[in-house]
Each structure stands twice: as C-alpha cells, then as structure tokens.
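Please read the structure below before turning to the comments.
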Amino acid sequence: RVSGKGPPTAGAAMAASAAARGLSAARSAALLARRLAPRRGWEAVERQRRGCAASSHARFAPEDLRGFMGGAFKALGLPTADATLVARCLVQADLRAQAGHGVQRLPVYARRLRAGVVNATPDIRVERTAPSAAAVHGDDGMGFVVATRATEEAISLARSQGLGLAGVRRSTHFGCSAHYVLQALEADMLSLVFTNSSPALPPWGGARALLGASPFAAGAPAGTRHPLVLDMSTTVIARGKLRLAAQRGEPIPPGVGLDRDGRPTRDGMEAFHGVTLPFGGAKGAAISLLMDVLSGALTGAGFAGGVRSLYNDVAGHQDVGHFILCMRPDLFLPSVDEFKARMDHLVDTLKAQPRAEGVEEVMMPGEPESLAEAERSKSGVPLQPDVVESLQAEGASLGLTFPQPIA
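Position one of the sequence shown corresponds to residue 343 (the working numbering), numbered consecutively onward.
This is the structure in structure tokens:
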C-alpha cells in the first residue's frame with residue numbers, strides 16, 4: 343500500500359544552493375533570521391512561523407517528535423508505516439515553520455479518528471482511467487496517506503507516459519501541499535498539487551462562505567540551486583493561522599476576514615467561523631473556484647460547499663478531493679539535466695536582480711522554509727506552551743509520554 347517513506351527534505355537542496363552561492367551555515371542562518379524578521383501588522387499571527395520564538399518556547403528534537411507522533415497515530419489505529427508517514431509530514435511542517443499544519447493538529451485528527459469519520463486502515467483503490475491518468479478512492483483514510491499514494495501513482499505514470507494525473511475522491515485533510523511537491527521533486531518531476539476544502543470564502547460578490555481556502559502548490563526541480571516549491575493559500579491568510587491567533591488571544595491583521603454577519607473583524611475565531619477573504623479579490627476567489635473544479639467536480643469528490651469541516655463536523659466523512667499532476671522535465675528538452683541547468687540559470691538571474699530596499703536576498707518560493715528546516719533540524723522545533731500542554735494531554739490519553747525539550 344504505502345511504503346512509509348516520508349516526504350523528502352528540502353534541506354539538502356537549500357544547503358547545495360547556499361554552498362553554490364558561497365554562503366556559510368552562519369550566513370544562511372543570518373539570512374533566515376533577516377528573511378523572517380517581524381513585518382509591520384503581522385507580528386502577532388506570524389511570530390511562530392518566522393521562527394522568532396520567545397524564550398518561553400521550548401525546543402524539541404525532531405526525531406523525538408516523530409517518535410511521539412508516530413506512537414500516537416499507531417495507538418489511534420493506524421498501521422505502523424502509515425503512522426510513521428503521518429508523523430513525518432506533521433513534524434516536517436513544523437521544521438519548515440508551517441506551525442499551522444504541524445504537530446499541534448494531533449488533537450483534531452485524533453478526534454476524527456475516534457469518531458470513525460476517518461478510516462485508520464483504508465483500502466485505497468487505484469484505477470487506471472487512461473494511459474496517463476488514474477482515479478484514486480481514498481476510502482476516507484488519512485489524507486497524508488491517500489495523497490502520498492496518489493502522488494506515487496502520478497510519478498509512476500509520468501515516468502512511462504511523460505505526464506501523470508491522479509484524481510482523488512473520499513480523502514481527508516492532507517496537511518501542507520508542499521509535502522507532495524517535495525515528493526515529486528525527489529523523483530525529478532515537475533508537479534501541480536491541488537486540493538479542495540470546506541467553505542471558507544465567498545465567490546466574488548457573494549456574502550457567504552462557499553469555496554474552500556484551497557492551496558495552490560507547484561514544484562520544479564533544479565540542479566545545484568534551490569528548486570521551485572510553491573505552496574500558497576487562496577485566502578489572504580491561511581485559516582490555520584486564524585486559529586493560532588485566536589488560541590493565543592492575538593488580533594489578526596485588518597482586511598483578513600469577516601464575522602458571520604459580514605462585518606470586518608480582527609478576531610481570528612470570528613473570521614474562522616465567518617468568512618476568510620481571498621487574496622487579490624476576484625483573482626483569488628477565481629483560483630479557489632478552479633481548485634474546486636479540478637479537485638472536486640472533476641474527481642467525484644465533494645464540491646460546491648459539500649466538503650465537511652475538519653474542525654467542526656464529525657457527523658460524516660469529509661470527502662475531500664485532490665488533483666495531482668506530475669510531469670517529466672525532458673518532455674520538450676533532450677534531458678532532465680538540461681532542464682535543471684536552465685532552472686539554475688533562472689534562479690541565478692532572479693537572484694542577480696536589483697533588490698528592493700531592506701531586502702538582503704531575493705529568494706525562490708520555498709527557500710525560506712528550507713532555511714528554517716535546515717536550522718531547526720539542528721536546533722530543534724520550537725513549540726508554544728499551549729501546544730506542548732495539548733500534546734501532553736493527548737499523549738496521556740493514549741498512554742504515551744510527551745518528550746522532554748532539548749532547549
């Protein structure tokens with residue numbers, strides 16, 4: 343079924359990229375700190391993501407977190423390989439400074455597994471529907487497991503056909519889209535990774551949430567430079583950050599969301615249960631609509647507001663859909679190496695451009711996250727006290743002890 347091999351790390355690509363630019367480890371760390379420094383208006387919501395953890399934030403060894411999370415999901419009924427895979431994905435999100443998709447999600451997933459609306463031991467079925475396409479039925483399994491299997495299928499099809507498409511139905515929340523982009527990059531594939539989600543934003547001109555805050559993700563391999571790793575929400579701010587802000591009693595920036603009555607709010611939970619505004623106005627709403635078309639209407643999954651909430655609805659299965667495309671880089675060129683060389687040139691050209699005031703280095707999409715991953719792999723993953731307490735409580739309910747901090 344699933345090999346249990348987690349998504350690849352982008353740290354190696356980042357290190358190679360830094361070395362190619364003559365940057366030492368210390369210089370890379372300085373760039374990370376500079377790149378993730380506080381920005382006006384976003385300090386409260388972005389603090390943990392930037393890695394500027396306060397002194398009260400304990401740091402934990404990634405291997406300890408993976409062991410704990412793997413044990414937790416195994417205790418919740420997942421086979422060992424699947425539990426290990428989910429644990430790696432969640433810890434990788436924290437390593438890459440994507441705390442909203444990290445280990446703090448354990449209680450949410452545990453609740454859904456206990457309620458029976460997520461299948462701990464799914465029978466994932468793959469049906470070839472065309473020489474380069476496959477339909478994947480996730481059997482309501484953990485989205486990480488289902489999407490990893492679908493990406494494996496898309497990669498296999500792309501190797502033989504040049505292009506591979508996997509359309510997924512009856513899946514669940516699959517975490518960071520970047521996991522599957524990185525999986526494709528490990529196989530030297532370009533990729534597009536889409537998913538849909540429960541209602542979060544209105545269609546342009548509408549007053550009620552209908553479309554999901556569905557991410558748009560894409561990847562392209564490079565040689566010695568950093569690859570393209572794009573993973574962005576179609577809303578002004580990812581919904582997980584709204585919850586984090588609300589849990590910490592911190593205001594969200596203005597212009598991010600509306601409450602249930604359509605009034606602007608700076609309360610994260612009011613925006614979470616109301617409307618999260620699309621980035622770029624009509625453009626963001628249109629991209630979210632496209633995600634619902636490709637991930638939902640096309641695949642046979644839930645769509646048009648039919649995907650159940652990850653957080654608030656345990657009355658039935660989510661029926662999340664995914665759309666995963668993988669493509670060989672040598673479709674139009676003599677070799678993969680030539681494509682990678684062209685990508686390296688593109689990255690070098692991008693970085694050689696004049697920098698705006700206050701910018702130390704122009705970075706590729708995904709590069710700040712890779713810098714964070716490299717730094718946190720050594721210094722540990724910072725977790726806020728409330729997250730630690732939540733994980734300790736969840737672990738105790740499963741007969742597990744949460745690991746001790748290393749700093």
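Ideal Cβ positions, reconstructed from N, Cα and C, are used throughout, including at glycine.
Computed from a predicted structure; not experimentally measured.
As for any beta strand (DSSP E) of minimum length 3 sitting wholly inside the stretch 570 to 629, the runs are 570 to 574, ordered along the chain. In this structure the stretch 604 to 624 does not lie against the stretch 458 to 476, because fewer than three pairs of beta carbons, one per stretch, are closer than 8 Å.
For Gly409, the enclosing alpha helix (DSSP H) starts and ends at 404 to 417. When the beta-carbon positions are compared, Phe645 and Gly663 come within less than 8 Å of each other.
Pairing Ala441 with Ala435, the inter-Cα distance amounts to about 6 Å. The C-beta distance from Leu725 to His399 rounds to 6 Å, short enough to fall under 8 Å.
Between Thr691 and Ala698, the alpha-carbon positions lie close to 15 Å from each other. Under DSSP, Val468 takes part in a beta bridge, and its partners are Val478. Buried is the label assigned to Asp482, since at least 16 other Cβ atoms lie within 10 Å of its Cβ. Ranked by Cα distance from Ala476, the options Gly741, Cys668, Pro727 are led by Cys668. Taking the Cα positions, Gly658 is about 22 Å away from Ala425.
Excluding its 5 nearest sequence neighbours in each direction, Pro449 has C-beta neighbours in its own chain below 7 Å: Ser732, Glu736, listed in chain order. By the C-beta criterion, the stretch 585 to 599 is judged not to be in contact with the stretch 706 to 724, since fewer than 3 inter-stretch pairs fall below 8 Å.
Going by C-alpha positions, Val729 is about 30 Å away from Arg491. Every alpha helix (DSSP H) of 4 residues or more that sits fully in the stretch 635 to 718 is shown, in chain order, as 678 to 693.
With contacts defined as CB atoms closer than 8 Å, His515 and Gly485 qualify as a contacting pair.
Straight across, the Cα-Cα distance linking Lys693 with Phe558 is about 24 Å. For Phe558, the uninterrupted beta strand (DSSP E) segment begins and ends at 558 to 562.
Within the same chain, Arg453, Arg454, Ala457, Val459 come within 8 Å of Val656 by CB-CB distance, once the 5 residues on both sides are set aside. Rounded to the nearest whole angstrom, the CA to CA distance from Ile748 to Leu527 is 32 Å.
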